[in-house]
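Engineer:
Protein chains: 2
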Amino acid sequence: MSTRSTAKRADALRSIDLGHNPDASLSEVARAAGVGRVTLYSHFASRAELVDAAMARAIGQGNAALDHVDLTGDPGLALARLVDASWHLVDRARALLVAAQRELPPGRIRELHDGPAARVETLIARGRAEGAFRTDLSIPWLINVLYSIMKGAADEVRTGNLTPDRAAAHITATVLAAFTPPGKPVPEPGWEE
Amino acid sequence: MSTRSTAKRADALRSIDLGHNPDASLSEVARAAGVGRVTLYSHFASRAELVDAAMARAIGQGNAALDHVDLTGDPGLALARLVDASWHLVDRARALLVAAQRELPPGRIRELHDGPAARVETLIARGRAEGAFRTDLSIPWLINVLYSIMKGAADEVRTGNLTPDRAAAHITATVLAAFTPPGKPVPEPGWEE
């Protein structure tokens, strides 16, 4: 970060949007944001630094939005509500996610997700304690499964195999089955199709 | 492809390995392969083209190896055998997969997987017909779930959260649960830990 001011970076970021093009160059990002290229370069040393900052900001805002999701009561229903709210955030930030997957070093996306991961972890731990979720696989693995299926849904939407409005129900039905303890029946999904 | 000879490209590719570094530059790839940079550049116009060719080759070889997997009998056990064999291929090609995720256009990795996907599709369709796998989610979605969980396992191995030898069992236990028809019990995994 060195001499670049955090406040100025935040100002620059506020108007920046990768839009629908994860491969947007810094110049294109600057044009779309109505910011001069020189201004943009003065705040971010590289495209990776910009993507990192944009990702951190999007996750921070998303995490704040998830504060309003009711995670009490039946763990399966709570997880369905969390998936529903999270999916809308992922769907809105799809281009940014693709850029982050391409440009950030391994482990960095996960690191940025520490906030939302803590929320998921608490819910999974409660579901395990109440016998709703399986305990024969570790909590970090189950979190990874949820994220992987969500990313997979984003891919399916990008390639046109799934419509965004059906994605949350697909993710929930799949994750609730994956989390079911061996020997217990997979819950019937509440399809609205 | 234009004037570049396919045979010469194949020769160049044979000795090329991204090794453990998905960010290896073309120069580093050339050095590791014992090929001159000029030779490498004469066969591949860009790093993306090299990654695409290396990925196509790895998948072709992997697909041939999967021909020997017995996919008859109980669909769940057949899927476990397929996951086991596929995981070893994914694990060996981890650096290449990361490079492909970063450099190839959306949909290209899936396109390259059309061969292995056809095999999975046949098995899933049989499992559905026999009542072993769920029919309330589409076959393309179930294939995507399998791939996503496999990719997630590769990430977990890369970040040190999972050892490669435990990955196949984790993937199988998770996917078999995800594929279980609603109302039916999740199969007990054959943990060997």
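Which chain is which? The protein sequence lines are A and B, in order. Heads up: take any position in the first sequence, counting from 1, add 20, and you land on this note's numbering. Heads up: take any position in the second sequence, counting from 1, add 20, and you land on this note's numbering. Note that beta-carbon positions come from the ideal geometry of N, C-alpha and C, so glycine has one too.
(1) Does the CB of A193(B) have a neighbour CB from chain A at under 8 angstroms?
(2) Comparing C-alpha positions only, which one of V103(A), T183(A), Y61(A) and L97(A) sits nearest to P136(A)?
(3) Grab the span of the alpha helix (DSSP H) containing T179(A) for me, first residue to last.
(4) Which value, in whole angstroms, describes the spacing of the CA atoms of S66(B) and A85(A)?
(5) Just to confirm the assignment: which complete alpha helix (DSSP H) runs, minimum length 4, are found wholly within the region 67-132 of chain A?
(6) Where L60(A) and L70(A) are concerned, what is the direct C-alpha to C-alpha distance, given to the nearest angstrom?
(7) Determine, using beta-carbon pairs with one atom in the region 177-194 of chain A and one in the region 170-178 of chain B, whether at least three such pairs fall under 8 angstroms.
(8) Apply the 10 Å Cβ neighbour rule to T23(A) and answer buried if 16 or more other Cβ atoms are within range, or exposed otherwise.
(9) Rounding to the nearest angstrom, what Cα-Cα distance links R101(A) and R130(B) in this structure?
(10) For the candidate residues D134(B), E123(B), L99(B) and A113(B), whose alpha-carbon lies nearest to that of K171(B)?
(11) Hey, does A197(A) have any beta-carbon neighbour from chain B nearer than 8 angstroms?
(12) Taking only beta-carbon positions, decide if Y61(B) is within less than 8 angstroms of chain A.
(13) Does the beta-carbon distance from A198(B) to P209(B) come in below 8 angstroms?
(14) Where do the ends of the alpha helix (DSSP H) carrying P136(A) lie?
(15) Looking at the structure shown, is P205(B) part of a helix, part of a strand, or coil, going by DSSP?
(16) Taking the continuous alpha helix (DSSP H) assigned at T59(B), which residues delimit it?
(17) Pop quiz: R154(B) and P201(B) are said to be a contact at Cβ under 8 angstroms. What is the actual Cβ separation, rounded to whole angstroms?
(18) Report yes if the C-beta distance between A76(A) and L124(A) is below 8 angstroms; otherwise report no.
(19) Can you give the Cα-Cα distance for P205(A) and L143(A), rounded to whole angstroms?
(20) By alpha-carbon positions, which one of G203(A), R186(A) and I159(A) ends up nearest to H108(A)?
(21) Secondary structure at S158(B), three-state DSSP: helix, strand or coil?
(22) At the 8 angstroms Cβ level, is W107(A) part of the contact set with chain B, yes or no?
(23) What in chain B is Cβ-close to L157(A), meaning under 8 angstroms?
(24) Taking only the alpha-carbon atoms, compute the straight-line gap between V118(B) and D72(A) and give it to the nearest angstrom.
(25) When you compare the CB positions of I169(B) and V195(B), do they come within less than 8 angstroms of one another, or not?
(26) Of the residues H190(B), Q81(B) and D156(B), which one's Cα is nearest the Cα of L157(A)?
(27) Taking C-beta to C-beta, are L116(B) and V140(B) nearer than 8 angstroms?
(28) Beta-carbon separation of G96(B) and A188(B) under 8 angstroms?
(29) Measure from the alpha carbon of A105(A) to the alpha carbon of each residue in R57(A), H88(A), G56(A) and G80(A), then state which is nearest.
(30) Using a beta-carbon distance cut-off of less than 9 angstroms, what residues from the region 160-175 of chain A approach chain B?
(31) Report the residues of the region 116-134 of chain A with a CB closer than 8 angstroms to any CB of chain B, ordered along the chain.
(32) From F64(B) to N83(B), what does the alpha carbon distance come to, in whole angstroms?
(33) Nearest to G265(A) by CA position, among G93(A), N164(A) and V58(A), is which residue?
(34) Assuming Q81(A) contacts Q121(B) (C-beta within less than 8 angstroms), just tell me the rounded distance between them.
(35) By how many angstroms is the C-alpha of A138(A) removed from the C-alpha of A138(B)?
Structural biologist: Taking the structure as given:
(1) yes
(2) V103(A)
(3) T179(A) -> no alpha helix (DSSP H), and no H or E assigned at all.
(4) 42 angstroms
(5) 67-86, 95-112, 114-123 and 128-132
(6) 9 angstroms
(7) no
(8) Bear in mind that the predicted position of T23(A) carries a pLDDT of just 44, short of 50, making it too unreliable to give a figure here.
(9) 30 angstroms
(10) A113(B)
(11) yes
(12) no
(13) no
(14) D134 to A149
(15) strand
(16) R57 to H63
(17) 4 angstroms
(18) no
(19) 20 angstroms
(20) R186(A)
(21) coil
(22) no
(23) H190, A193 and T194
(24) 18 angstroms
(25) yes
(26) H190(B)
(27) no
(28) no
(29) H88(A)
(30) P160, W161, L162, N164, V165, Y167, S168, I169, M170, K171, G172, A173 and D175
(31) V118, Q121, R122, E123, P126, G127 and R130
(32) 24 angstroms
(33) It is not possible to answer for residue 265(A), since the shown part of chain A is limited to 21 through 213.
(34) At roughly 26 angstroms, the Cβ-Cβ gap does not stay under 8 angstroms, so Q81(A) and Q121(B) are not in contact.
(35) 38 angstroms
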